[in-house]
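Asker:
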Amino acid sequence: MNPMTMIARGSQDLARTQQLVALAFSITVILCLIGCSGTTVETRRSSTAAFSEGMAAFELEEYAKAEPLLAEAMSGALQPDVYVEAGVARAKCLGHLNMVQEGLGVADIMREGLPSEGEYFALRAAVYAAAGEVATAREEFAKARRLDRQVQPPPGI
Numbered sequence: 002m003n004p005m006t007m008i009a010r011g012s013q014d015l016a017r018t019q020q021l022v023a024l025a026f027s028i029t030v031i032l033c034l035i036g037c038s039g040t041t042v043e044t045r046r047s048s049t050a051a052f053s054e055g056m057a058a059f060e061l062e063e064y065a066k067a068e069p070l071l072a073e074a075m076s077g078a079l080q081p082d083v084y085v086e087a088g089v090a091r092a093k094c095l096g097h098l099n100m101v102q103e104g105l106g107v108a109d110i111m112r113e114g115l116p117s118e119g120e121y122f123a124l125r126a127a128v129y130a131a132a133g134e135v136a137t138a139r140e141e142f143a144k145a146r147r148l149d150r151q152v153q154p155p156p157g158i
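Next up, the structure:
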């Protein structure tokens, strides 16, 4: 085989390889878009319904009823701001149910979505206050106030 034929064949092979790579990439993108949008309308509706029921129970101070509904809502397809609202309420519910460590765990998950670090420490204070751990709640709220002068104290401290 002469060198010019080898070069021509190499160029054809390279072009074919580039086409296959482009095709594979396109298929991957399509599959990702189809697979990534797996949240169904029913899941969104279910999450929204659980959120609404959970928040209603929370407002009525029915914490044992509210907590699992809020957990269900959070496991679904809520908008980010609604997810944070559900998480804040759920953390407080867990405090009222004397499940402080679990409540603090939820607060940790919510940390990035809260408006400020002060709000994070205020949420921790609310979890402790709900569980009746007033001294610890005051310590956490003092941290919150140092970071954010606008933050409001939770009930009970």
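Be aware that the sequence shown starts at 2, since it is given in the numbering used here, and climbs by one per residue. Glycine is no exception: its CB is placed at the ideal position from the N, C-alpha and C atoms.
1) Could you tell me if proline 155 is buried or exposed, where buried requires 16 or more neighbouring beta carbons within 10 angstroms of its beta carbon?
2) State the Cα-Cα distance for the pair aspartate 109 and tyrosine 121, rounded to the nearest angstrom.
3) Whole angstroms is fine: what's the gap from leucine 105's alpha carbon to glutamine 20's?
4) Compute the distance between the beta-carbons of valine 128 and valine 101, then report whether it is under 8 Å.
5) So for glutamine 19, helix, strand or coil by DSSP?
6) In whole angstroms, give me the CA-to-CA distance for glycine 88 and arginine 17.
7) Using a Cβ-Cβ cut-off of 6 Å (strictly less than) and excluding sequence neighbours within five positions of aspartate 149, which residues of its own chain qualify?
8) Looking at lysine 93 and alanine 131, is the spacing between their C-beta atoms short of 8 Å?
9) Leaving out five residues on either side along the sequence, give the residues of the same chain with a beta carbon under 7 Å from the beta carbon of alanine 65.
10) CB-CB under 6 Å to leucine 115, same chain, minus the five flanking residues each way: which ones, in chain order?
11) Just the C-alpha distance for glycine 55 and serine 47, rounded to the nearest angstrom, thanks.
12) Just to confirm before moving on: does the CB-CB distance between phenylalanine 52 and leucine 95 stay below 8 Å?
13) The alpha helix (DSSP H) spanning glutamine 102 covers which residue range?
Answerer: Straight from the coordinates:
1) buried
2) 8 Å
3) 52 Å
4) Yes, the Cβ-Cβ distance between valine 128 and valine 101 is below 8 Å.
5) helix
6) Cα to Cα, glycine 88 sits roughly 52 Å from arginine 17.
7) For aspartate 149, where only same-chain residues beyond five positions count, the Cβ hits under 6 Å are Ser117 and Gly119.
8) Result yes, Cβ atoms of alanine 131 and lysine 93 sit closer than 8 Å.
9) Leu98
10) Tyr121
11) 12 Å
12) no
13) For glutamine 102, the enclosing alpha helix (DSSP H) stretches over residues 101-111.
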